[in-house]
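S.K.: For the record, the sequence lines run as chains A and B.
First residue of the first sequence: 1, per the numbering used here; consecutive thereafter.
First residue of the second sequence: 109, per the numbering used here; consecutive thereafter.
The beta-carbon is built from N, C-alpha and C at its ideal position, and this holds for glycine as well.
Just so you know, these numbers come straight off a predicted model, no measurement behind them.
Sending over a structure as structure tokens; questions will come in a sec.
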Amino acid sequence: MDNIVKITVIDRQGTPHELEAPTDMNMNMMELCKSYELPVEGTCGGMAMCASCHLYVVSEHPILERNDDEEAMLDQAFFVKPNSRLGCQIPITNDLDGLRVQLAEVGQ
Amino acid sequence: MIETDILIIGAGPCGLFTVFEAGLLKLRCHLVDALPQPGGQLTEIYPKKPIYDIPGFPEVLAGDLIEHLMKQAEPFKPGFTLGERAEKLEKTEDGKFLLTTSRGTVHKAPVVAIAGGLGCFEPRKPPIANISDFEDKGIEYIVRDPNFYKGKRVVISGGGDSALDWTNYLANGVAAEVSLVHRSKSFRGHPDSVQKVLDMAAAGKIKLYTDAEVTGVGGNGVLKDITLQHTDASTTNIATDHWLPLFGLSPKLGPLAEWGLNIDKNSIEVNTFDYSTNVDGVYAIGDINTYPGKLKLILCGFHEATLMVQSAFKRIYPDKNYVLKYTTVNGVTGF
Numbered sequence: 001m002d003n004i005v006k007i008t009v010i011d012r013q014g015t016p017h018e019l020e021a022p023t024d025m026n027m028n029m030m031e032l033c034k035s036y037e038l039p040v041e042g043t044c045g046g047m048a049m050c051a052s053c054h055l056y057v058v059s060e061h062p063i064l065e066r067n068d069d070e071e072a073m074l075d076q077a078f079f080v081k082p083n084s085r086l087g088c089q090i091p092i093t094n095d096l097d098g099l100r101v102q103l104a105e106v107g108q
Numbered sequence: 109m110i111e112t113d114i115l116i117i118g119a120g121p122c123g124l125f126t127v128f129e130a131g132l133l134k135l136r137c138h139l140v141d142a143l144p145q146p147g148g149q150l151t152e153i154y155p156k157k158p159i160y161d162i163p164g165f166p167e168v169l170a171g172d173l174i175e176h177l178m179k180q181a182e183p184f185k186p187g188f189t190l191g192e193r194a195e196k197l198e199k200t201e202d203g204k205f206l207l208t209t210s211r212g213t214v215h216k217a218p219v220v221a222i223a224g225g226l227g228c229f230e231p232r233k234p235p236i237a238n239i240s241d242f243e244d245k246g247i248e249y250i251v252r253d254p255n256f257y258k259g260k261r262v263v264i265s266g267g268g269d270s271a272l273d274w275t276n277y278l279a280n281g282v283a284a285e286v287s288l289v290h291r292s293k294s295f296r297g298h299p300d301s302v303q304k305v306l307d308m309a310a311a312g313k314i315k316l317y318t319d320a321e322v323t324g325v326g327g328n329g330v331l332k333d334i335t336l337q338h339t340d341a342s343t344t345n346i347a348t349d350h351w352l353p354l355f356g357l358s359p360k361l362g363p364l365a366e367w368g369l370n371i372d373k374n375s376i377e378v379n380t381f382d383y384s385t386n387v388d389g390v391y392a393i394g395d396i397n398t399y400p401g402k403l404k405l406i407l408c409g410f411h412e413a414t415l416m417v418q419s420a421f422k423r424i425y426p427d428k429n430y431v432l433k434y435t436t437v438n439g440v441t442g443f
């Protein structure tokens, strides 16, 4: 289908969810997870200021590099790994078809 | 004791606009907020970010919007209890409410409006199982009084401004020994403070551990040591008197979760007729409430505040009749 990519989100219990993500709705990974009612808070609304959409990119996909805001926020987050990203800073584009991500644990 | 008509918990945009709408009905308001300044997340998190969906403002900076709201509320002389968290809510025999804050300030009002947004901002706590055993017994998330660390060994964690600033401050004649631990090699604080810290590390004035994280804490009643885990999986033990994990703030629903309100997914359920909660006399407006079709938008919060004060008026003055008046016709008469 046009303007739809398939993205797999692995939840915190390890269960994979295959989601159909529109690429023409100006959405990001945080919003995609929320729209499928996956347990992602998105507290700050997508300003890279809360890390509640922290996830790990599991597959090899060309994703925009972290910007300064995202780096700064990840500095203050926990359970951070080299493949950590904030979902709200990953726009959903056609080249993300087949992307696999895993939701990171949330701290206290 | 502070007495008022409507006690507003949360001094964000919604709470501030409530003051104006209540004032038009001759109701006085007092606001309580855990943050030291009014504005909620707009001033705490994103004061310099533009907002585009406030009717009549094609673009307004969050901080400026709060200034405007403060000005709009000003004629109605709102009271403020800032830097204190709303802790305990009790009902009195005369049908009013007593609200006590974290610092023991008591407020009394016939109506309580919870405009708490995301909740109260609390320090982010590292995920270490026994961390709570040492809170205020060597582990502090906020530096309240730097002299408390005089002559002590202190480990600071974090890579932002507050970690850097306190490292600079405590290492200059206050603490006996300061170590700074940061997960990566680069620091995101003010370039000046970063340079100072790097210079002090090079001069041996502080110990700097980068690519490392504190993963364990130990002691016997009080903190005695911490364990660092380095990126290469090796560990280091550091004997210390204090550990200051400075990882910023994140919002938590906090004590109001215990007030007997119906809560669904961290939000307070309300009746959209007047944004009342299941507790008679307690209302919830703005981002903190939920109802079918809820949108977490400032403009929706303004609407909720406006309807809520009408209901509050009827509760406070059940025998008075009221007709909606227009500010354009009547102007704004303050207190």
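Which residues of chain B have a Cβ atom closer than 8 Å to the Cβ of Val123/A, listed in chain order?
M.R.: Shown here, chain A extends from 1 to 108; a query on residue 123/A therefore has no answer.
S.K.: Any idea what DSSP makes of Asn94/A, helix, strand or coil?
M.R.: helix
S.K.: Give me the chain D residues within the contact set of Ala72/A, using Cβ-Cβ distance strictly less than 8 Å, ordered along the chain.
M.R.: Among the protein chains in the structure shown, which are A and B, there is no chain D.
S.K.: In whole angstroms, what is the alpha-carbon distance linking Asn238/B and Leu405/B?
M.R.: Rounded to whole angstroms, the separation of the alpha carbons of Leu405/B and Asn238/B is 38 Å.
S.K.: Could you tell me which residues DSSP puts in a beta bridge with Asp11/A?
M.R.: BP columns for Asp11/A are empty, so no partner.
S.K.: Against chain A, with Cβ distances strictly below 7 Å, would Gly356/B count as a contact?
M.R.: yes
S.K.: Should Val49/A be flagged as near chain B, meaning a C-beta pair shorter than 7 Å?
M.R.: Inspection of the sequence shows that residue 49/A is occupied by Met rather than by Val. Met49/A counts as touching chain B.
S.K.: Classify Leu115/B as helix, strand or coil using the three-state DSSP reduction.
M.R.: strand
S.K.: According to the Cβ coordinates, are Pro359/B and Gly191/B closer than 7 Å?
M.R.: The beta carbons of Pro359/B and Gly191/B sit no closer together than 7 Å.
S.K.: Expressed to the nearest angstrom, what Euclidean distance is found between the alpha-carbon atoms of Ala310/B and Gln303/B?
M.R.: Using only the alpha carbons, I get a separation of about 10 Å.
S.K.: Could you name the residues that DSSP lists as bridge partners for Tyr317/B?
M.R.: Beta-bridge pairing links Tyr317/B to Val289/B.
S.K.: Find the nearest neighbour of Lys6/A within the set Asp24/A, Leu99/A and Gly42/A, judged by alpha-carbon distance.
M.R.: Leu99/A
S.K.: Which complete beta strand (DSSP E) runs does the stretch 112-191 of chain B hold, if anything under 3 residues is left out?
M.R.: 114-117, 137-141 and 187-190
S.K.: Do Glu111/B and Lys216/B count as a contact pair if the criterion is CB distance below 7 Å?
M.R.: Yes.
S.K.: With distances taken between CB atoms, is the gap from Thr275/B to Val282/B smaller than 7 Å?
M.R.: No. Outside cutoff.
S.K.: Going along chain B, which residues have a C-beta under 7 Å from Cys109/A?
M.R.: A question about residue 109/A goes unanswered here, because the residues of chain A that appear run from 1 up to 108.
S.K.: Counting pairs of Cβ atoms below 8 Å between the stretch 206-226 of chain B and the stretch 134-153 of chain B, do you hit three or more?
M.R.: yes
S.K.: Would the stretch 76-92 of chain A count as touching the stretch 31-40 of chain A if we require 3 or more Cβ pairs under 8 Å?
M.R.: yes
S.K.: Can you tell me whether DSSP reads Leu331/B as helix, strand or coil?
M.R.: strand
S.K.: With DSSP as the reference, label Phe229/B as helix, strand or coil.
M.R.: strand
S.K.: Given 8 Å as the limit, is there contact between the stretch 388-406 of chain B and the stretch 128-137 of chain B, that is, 3 or more CB pairs closer than that?
M.R.: no
S.K.: I need the straight-line Cα distance from Leu177/B to Gly45/A, nearest angstrom please.
M.R.: 22 Å
S.K.: What's the C-alpha gap between Ile314/B and Glu20/A?
M.R.: 51 Å
S.K.: Could you tell me which of Asp2/A, Asp95/A, Asn3/A and Ala77/A sits nearest to Tyr56/A, measuring between CA atoms?
M.R.: Ala77/A
S.K.: Using a cut-off of 8 Å between C-beta atoms, extract the partners of Gly14/A located in chain B.
M.R.: Chain B residues near Gly14/A: none, gap ~18 Å exceeds 8 Å.
S.K.: Helix, strand or coil for Pro16/A, going by three-state DSSP, please let me know.
M.R.: strand
S.K.: Less than 7 Å separating the beta-carbons of Leu354/B and Ser270/B?
M.R.: yes
S.K.: If you draw a straight line from the alpha carbon of Asn3/A to that of Ile376/B, how long is it in whole angstroms?
M.R.: 37 Å
S.K.: In chain order, what residues of the stretch 222-240 of chain B put their CB closer than 8 Å to some CB of chain A?
M.R.: Leu226, Arg232, Lys233, Pro234 and Pro235
S.K.: Whose C-beta lies closer than 7 Å to the C-beta of Lys81/A among residues of the same chain, with five residues either side of it excluded?
M.R.: Tyr56
S.K.: Is the CB of Gly98/A under 7 Å away from at least one CB in chain B?
M.R.: No, no contact with chain B.
S.K.: Leaving aside the five residues before and after Ala51/A along the sequence, list all residues of the same chain whose C-beta is less than 8 Å from its C-beta, in chain order.
M.R.: Met73, Leu74, Gln76, Ala77 and Leu86
S.K.: Is there a Cβ of chain B sitting closer than 7 Å to that of Gln89/A, yes or no?
M.R.: no
S.K.: Taking the alpha carbon of Ala170/B as the point to measure from, which residue in Pro121/B, His411/B and Leu207/B has its own alpha carbon closest?
M.R.: Pro121/B
S.K.: Taking the C-alpha atoms as reference points, what is the distance between Gly326/B and Ile334/B?
M.R.: 6 Å
S.K.: Can you tell me the Cβ-Cβ gap for Ala181/B and Leu124/B, rounded? I've got them flagged as a contact below 8 Å.
M.R.: With a Cβ gap of about 5 Å, Ala181/B and Leu124/B count as contacting.
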